[in-house]
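S.K.:
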Amino acid sequence: MSKTFEEKVKEIKEGKNLDKYLHDESWTVRMAVAQQGYGLDILVHDEYWLVRTEVARQGYGLDILVNDEDWYVRLAVAEQGYGLDKLSSDPDYEVRAKALDLLAKDNEELTK
21 MSKTFEEKVK EIKEGKNLDK YLHDESWTVR MAVAQQGYGL DILVHDEYWL VRTEVARQGY
81 GLDILVNDED WYVRLAVAEQ GYGLDKLSSD PDYEVRAKAL DLLAKDNEEL TK
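Numbering (the working numbering), first residue to last: 21 to 132.
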């Protein structure tokens with residue numbers, strides 16, 4: 021009998037079977053694993069952008085994810101304060117705006 025999503029997430033939150041769920045067919049299960057900070061070295065290369073976004077939110081692999089094809093992943097990288105010089109000229113408006121905003125705040129702090 022296969023486990024439901026809820027059962028899998030409960031196990032993940034308890035720290036059980038993380039290696040198994042790291043390769044689950046469901047991206048939502050893999051994202052739950054990333055939320056636990058487990059397997060980030062593998063999940064940084066996940067095929068699904070929401071999983072990679074969670075990896076960025078964990079502060080892992082930012083040097084890789086700053087170049088991600090998906091703008092939402094790059095936005096999560098910018099929110100971590102990483103790669104702001106590069107992301108300040110990002111083709112996506114949301115990413116660019118976040119990076120420029122954080123750079124402006126950094127400059128403001130320096131001039132105080």
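Note that beta-carbon positions come from the ideal geometry of N, C-alpha and C, so glycine has one too.
Anyone know if the C-beta pair for residue 74 and residue 63 falls short of 9 Å?
M.R.: It is a contact, given that the beta carbons lie within the stated cut-off.
S.K.: Which same chain residues, not among the five before or five after residue 116, have their C-beta less than 8 Å away from its C-beta?
M.R.: Cβ within range, chain order: 107, 108, 109, 110.
S.K.: In whole angstroms, what is the alpha-carbon distance linking residue 92 and residue 70?
M.R.: Going from the Cα of residue 92 to the Cα of residue 70 covers about 8 Å.
S.K.: Going along the chain, which residues of its own chain have a beta-carbon closer than 6 Å to the beta-carbon of residue 58, five neighbours each way excluded?
M.R.: Answer for residue 58: 38, listed in chain order.
S.K.: Would you report the Cα separation of residue 105 and residue 94, rounded to the nearest angstrom?
M.R.: Distance between the alpha carbons of residue 105 and residue 94: 13 Å.
S.K.: Please confirm if residue 55 has its CB atom under 9 Å from at least one CB of chain D.
M.R.: Of the protein chains in the structure, only one exists, and it is not chain D.
S.K.: In terms of alpha-carbon separation, which member of 49, 28, 86, 54 lies closest to residue 78?
M.R.: Checked all of 49, 28, 86, 54; the closest Cα to residue 78 is 54.
S.K.: In angstroms with no decimal places, state the Cα-to-Cα distance between residue 43 and residue 121.
M.R.: Their backbone Cα atoms lie some 37 Å apart in a straight line.
S.K.: Who are the Cβ neighbours of residue 114 in its own chain at under 7 Å, not counting the five residues just before and after it?
M.R.: Around residue 114: 91, 95.
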